[in-house]
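If you want this note's numbering, it's the position in the sequence shown, counting the first as 1, plus 2.
We put the beta carbon where it would ideally sit given N, CA and C, even for glycine.
From a predicted model like this one, the values you see are computed outputs, not experimental measurements.
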Amino acid sequence: MSPETRLQFYSSDSSSPSPAAAHVLGISLLGQRSSHTQPWPALQVLTPLLANPAQQLQEYWHSSQAVRHGQFHDVRFGSDGHLLYGAISLDEALFADNRGSALQHAAEQAYRQLFSLLEAEDCRHLWRVWNYIPRINAVEHGMERYRQFNIGRHQAFADFDRPVDSSPAACALGVADGPLSIAFLAARQATQRIENPRQVSAFAYPQQYGPRSPTFSRAALADNGDNVILFISGTASIVGHRTVHPGDAAAQTRETIANIAVLLEQANRQHQGQPYTLATLDYRVYIRHATDYPVVQQTLQQLIGPAMRVVFVQADICRDDLLVEIEAQAFAAR
Numbered sequence: 003m004s005p006e007t008r009l010q011f012y013s014s015d016s017s018s019p020s021p022a023a024a025h026v027l028g029i030s031l032l033g034q035r036s037s038h039t040q041p042w043p044a045l046q047v048l049t050p051l052l053a054n055p056a057q058q059l060q061e062y063w064h065s066s067q068a069v070r071h072g073q074f075h076d077v078r079f080g081s082d083g084h085l086l087y088g089a090i091s092l093d094e095a096l097f098a099d100n101r102g103s104a105l106q107h108a109a110e111q112a113y114r115q116l117f118s119l120l121e122a123e124d125c126r127h128l129w130r131v132w133n134y135i136p137r138i139n140a141v142e143h144g145m146e147r148y149r150q151f152n153i154g155r156h157q158a159f160a161d162f163d164r165p166v167d168s169s170p171a172a173c174a175l176g177v178a179d180g181p182l183s184i185a186f187l188a189a190r191q192a193t194q195r196i197e198n199p200r201q202v203s204a205f206a207y208p209q210q211y212g213p214r215s216p217t218f219s220r221a222a223l224a225d226n227g228d229n230v231i232l233f234i235s236g237t238a239s240i241v242g243h244r245t246v247h248p249g250d251a252a253a254q255t256r257e258t259i260a261n262i263a264v265l266l267e268q269a270n271r272q273h274q275g276q277p278y279t280l281a282t283l284d285y286r287v288y289i290r291h292a293t294d295y296p297v298v299q300q301t302l303q304q305l306i307g308p309a310m311r312v313v314f315v316q317a318d319i320c321r322d323d324l325l326v327e328i329e330a331q332a333f334a335a336r
């Protein structure tokens, strides 16, 4: 990918001007619900921002090239011919007549549409996926809803002959209500996937975590012309495949950063340019209980420094014994 077609990232509150519409691939809107129709694909993440619950954060992915916007079934997308951002939201009620879990069928349908779009647009390589699942830890049909989602996602991967050990960087968080919402970045080039030697790969979890394992890689490096993007998946206080430090938000935060530090080490071995460091990452921190926000913030400042670039969001985590999940990204020059 040349510097002329590279992916760029821009974050602002709702009072700041947005990038030129002709170059916006897509946007995530965190916090307060937006009352405006967006001219580009938009993922609305209905989770409170903990620093300022009345605020809305806008995160833009945009290209230095002109972008074409379109719709493919239920997916709205933006593409510059080399990069593609898409967003899809599906109401589970539309799948209530199917046997079994409506969420499982909705997840399978969403990913089938996603993969069909990537084939139609010749952007076959998923770089990053964000999944937001209502009531993620609730038990329905005798199974936790996150596990139902994993079954549907895995089935779509299998139907499109996509190996689970080549999965993208991803996260899956819980929201109180609303549709199943998914956003994704894809490109014509594949990423370099990164695993964490401290952890069992998510796609190899034992069956105690559900009939189908989660399909994501711990991190990924993406060629972006004159720089390389590091995408760090949603990361939590897990060693091996087990949750550690249950009930202790500060200890879980420290363990999560320890896992991210290992991913940085792995990334820097593969990337021969400017090194990635904890201080150069852009973080999104999901906290289950708002009352844990002060201790999580203080712990991160001690570990990363007071100048850290971070957004704190209240959301449920994929396991009910996890209190914190952290995702991150960074651009590093070659």
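- Shown here, Ile29 sits in a strand according to DSSP, grouped into three states.
- For Gln209, the secondary structure class from DSSP, reduced to helix, strand or coil, is helix.
- Within a 10 Å sphere around the beta-carbon of Arg78 sit 16 or more other beta-carbons, which makes this residue buried.
- With respect to the C-alpha of Gln58, the residue from Gln150, Tyr285 and Ser13 having the closest C-alpha is Ser13.
- Gln46 is bridged by DSSP to Leu31.
- Cβ-Cβ distances below 7 Å link Val312 to Tyr285, Val287 and Leu302 in the same chain, with the five nearest sequence neighbours on each side left out; the list follows chain order.
- Val141 counts as exposed, since fewer than 16 other beta carbons sit within 10 angstroms of its beta carbon.
- Across the structure, Gly176 and Ala185 are spaced so that their CA atoms are roughly 14 Å apart.
- Within the same chain, Leu120, Ala188 and Arg190 come within 8 Å of Arg126 by CB-CB distance, once the 5 residues on both sides are set aside.
- Closest option to Ser168, judged by alpha-carbon separation, among Val69, Gln272 and Ala192: Ala192.
- Restricting attention to alpha helix (DSSP H) runs no shorter than 4 residues, the segment 63-137 encloses them at 104-123, ordered along the chain.
- If you compare the alpha carbons of Asp179, Tyr207, Gly72 and Arg155 with that of Ala317, the shortest gap goes to Asp179.
- Per DSSP, reduced to three states, the secondary structure at Gly249 is coil, with no helix or strand assignment.
- Pairing His25 with His64 gives a Cβ-Cβ distance under 8 Å.
- Boundaries of the beta strand (DSSP E) harbouring Asp284: Asp284 to Ile289, taken from the DSSP string.
- With contacts defined by Cβ atoms closer than 8 Å, Pro170 and Ser219 form a contacting pair.
- Taking the Cα of Thr279 as reference, the smallest distance to any Cα among Ala109, Ala330 and Ala224 is reached at Ala330.
- Distances from the alpha-carbon of Val166 to those of Asn139, Arg195 and Ala263 put Arg195 closest.
- In the DSSP secondary-structure assignment, Asn226 is bridged to Asn229.
- Sixteen is the threshold: when 16 or more other Cβ atoms of the shown chains lie within 10 Å of the Cβ of Gly88, as they do, the residue is buried.
- With 16 or more other Cβ atoms inside 10 Å of its own Cβ, Gln40 counts as buried.
- For Tyr295, the enclosing alpha helix (DSSP H) stretches over residues Tyr295 to Ile306.
- C-alpha of Ala222 to C-alpha of Trp132: approximately 14 Å in a straight line.
- Linking Ile29 to Ala334 through their CA atoms gives a straight-line distance of about 22 Å.
- Short of 7 Å from the beta carbon of Gly242, and not among the five residues preceding or following it, lie these beta carbons of its own chain, in chain order: Gln201 and Val202.
- Leaving aside the five residues that flank Leu305 on each side, the residues in its chain whose CB is nearer than 6 Å to its CB run, in chain order, Ile259.
- The Cβ atoms of Leu182 and Ser91 lie closer than 8 Å to each other.
- Between Ser235 and Cys320, the C-beta gap is not smaller than 8 Å, which leaves the two residues out of contact.
- In this structure Thr49 is in contact with Leu32, their Cβ atoms being roughly 7 Å apart against a cut-off of 8 Å.
- A Cβ-Cβ contact shorter than 8 Å links Gly212 with Arg149.
- Between the beta-carbon of Thr255 and that of Val298 there is about 5 Å, and that keeps the pair under the 8 Å contact cut.
- By alpha-carbon distance to Gly72, the top candidate from Asn229, Ala204, Glu123 and Asn261 is Glu123.
- When DSSP reads this structure, Ile240 sits in a beta bridge with Thr245.
- Judged by DSSP in its simplified three-state form, Gln40 adopts coil rather than helix or strand.
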